[in-house]
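Have a look at the structure below before the remarks.
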Amino acid sequence: MKRSIGTRTEIQTDSDIAISVKNLHKSFKLPTEQAFGLKQALFNRLRGIKGYKEQKVLRGLDFEIKKGSFVGIVGRNGSGKSTLLKILAGIYYPEKGEITVDGTLVPFIELGVGFNPELTGRENVYMNGALLGFSNEEMDTMYNDIWEFAELKDFQDQKLKNYSSGMQVRLAFSIAIRARGDILLLDEVLAVGDAAFQQKCSNYFHSLKEQNQTVILVTHSMDNVRKFCDRAILIEDGKIVKDGDPNKIADAYTKLWS
Numbered sequence: 002m003k004r005s006i007g008t009r010t011e012i013q014t015d016s017d018i019a020i021s022v023k024n025l026h027k028s029f030k031l032p033t034e035q036a037f038g039l040k041q042a043l044f045n046r047l048r049g050i051k052g053y054k055e056q057k058v059l060r061g062l063d064f065e066i067k068k069g070s071f072v073g074i075v076g077r078n079g080s081g082k083s084t085l086l087k088i089l090a091g092i093y094y095p096e097k098g099e100i101t102v103d104g105t106l107v108p109f110i111e112l113g114v115g116f117n118p119e120l121t122g123r124e125n126v127y128m129n130g131a132l133l134g135f136s137n138e139e140m141d142t143m144y145n146d147i148w149e150f151a152e153l154k155d156f157q158d159q160k161l162k163n164y165s166s167g168m169q170v171r172l173a174f175s176i177a178i179r180a181r182g183d184i185l186l187l188d189e190v191l192a193v194g195d196a197a198f199q200q201k202c203s204n205y206f207h208s209l210k211e212q213n214q215t216v217i218l219v220t221h222s223m224d225n226v227r228k229f230c231d232r233a234i235l236i237e238d239g240k241i242v243k244d245g246d247p248n249k250i251a252d253a254y255t256k257l258w259s
């Protein structure tokens, strides 16, 4: 199977490479002033005033990720790591470069997207499951496990608007981990919930590592990088500055703040 969208291609092969990224570039246009009306916009253009500045977020990234590896993507806020993850997930599109994804990819980026606060927890579980591609029959079989993992079974028939933000994230995470995929993209999801729930999440990710699941984790936690990752990539100012041993990358990241 092969599916192409712009410069992002999904395939299924016998290769040992799960993701290949070549010369990846991404920038955003940030407005510097407002043009009120067409006349002002034309006047600004004639004067050479663009009304925006270009922020280059990714500057020619090149890397490959092997199947079965657990890779950490680290960097300071604004370094480009979350933008990279969203491009890999197909949320953003690069203006230049090539991405090849070998297998099905499941992003854990915006947990709870699609939740309706006016519906009950039960109704949201089935609706969110449908968004992930599950049938009602499949959701029936995993329904109790979702609530037990989230530790929210007493709240399943309450409207979601009565849940705390932490409860909503726990429920969303408990649904999301049921999604089937060859590659998981995680954006700080290990920080959800209280200490007890984080330990439960930690145990789950240990099981992924034991199953040789391909995982890409964007995180600020160097403890998690050392604990889970067999490789890490440090991004600074939209470029890869270090790539390799997670302990060495964690040390390099820490030095950025000293």
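Residue numbering for the sequence shown follows our numbering, starting at 2 and increasing by one per position.
The beta-carbon is built from N, C-alpha and C at its ideal position, and this holds for glycine as well.
From a predicted model like this one, the values you see are computed outputs, not experimental measurements.
Item: Cutoff 6 Å; reference Q150; Cβ partners in own chain excluding five residues on either side; Value: The sequence shown places Phe at residue 150, not Gln. For F150, where only same-chain residues beyond five positions count, the Cβ hits under 6 Å are S175.
Item: Same chain, Cβ closer than 7 Å to M223, five either side skipped, listed in chain order; Value: A251, Y254, T255
Item: Cβ shell of F156 (< 6 Å), same chain only, five flanking positions each side left out; Value: G122
Item: Start-to-end residues for the alpha helix (DSSP H) that takes in T255; Value: 247-256
Item: C-alpha distance - E152 paired with V107, whole-angstrom precision; Value: 24 Å
Item: Euclidean distance between Cα positions of N129 and E139; Value: 12 Å
Item: Reference I74, options I217, K154, L112, closest by Cα; Value: I217
Item: Residue environment, I241, which counts as buried when at least 16 other CB atoms sit within 10 Å; Value: buried
Item: Per-residue burial, K154 [other beta carbons within 10 Å of its own, 16 or more giving buried]; Value: exposed
Item: For P118 and K160, believed in contact at Cβ under 8 Å, the rounded distance; Value: 7 Å
Item: Three-way DSSP call (helix, strand, coil) for A180 in this model; Value: coil
Item: In DSSP terms, what I217 is bridged to; Value: V72, L186
Item: Residues bridged to R60 [DSSP beta-bridge criterion]; Value: H26
Item: Alpha carbon of S70 to alpha carbon of S80, nearest angstrom; Value: 23 Å
Item: Distance, L133 Cα to I92 Cα; Value: 15 Å
Item: Coarse secondary structure for I88, derived from DSSP in three states; Value: helix
Item: Contact under 8 Å by Cβ, I110 with I100; Value: no
Item: Buried or exposed (CB count within 10 angstroms, at least 16 for buried), N125; Value: buried
Item: Within 8 Å, strictly: CB atoms of R171 and F135; Value: no
Item: Extent of the continuous beta strand (DSSP E) to which I234 belongs; Value: 232-237
Item: F109 - containing beta strand (DSSP E), residue span; Value: 106-109
Item: Simplified DSSP state of D244, which is helix, strand or coil; Value: strand
Item: Status (buried if at least 16 other CB within 10 Å, exposed otherwise) for L257; Value: exposed
Item: Same chain, Cβ closer than 8 Å to D238, neighbours up to 5 away in sequence not counted; Value: R60, S80, G81
Item: Close Cβ partners of F29 (< 8 Å) along its chain, the five nearest in sequence each way excluded; Value: E55, Q56, V58
Item: Top-ranked residue by Cα proximity to S16, from V22, D103, T84; Value: D103
Item: D103 in three-state terms, based on DSSP; Value: strand
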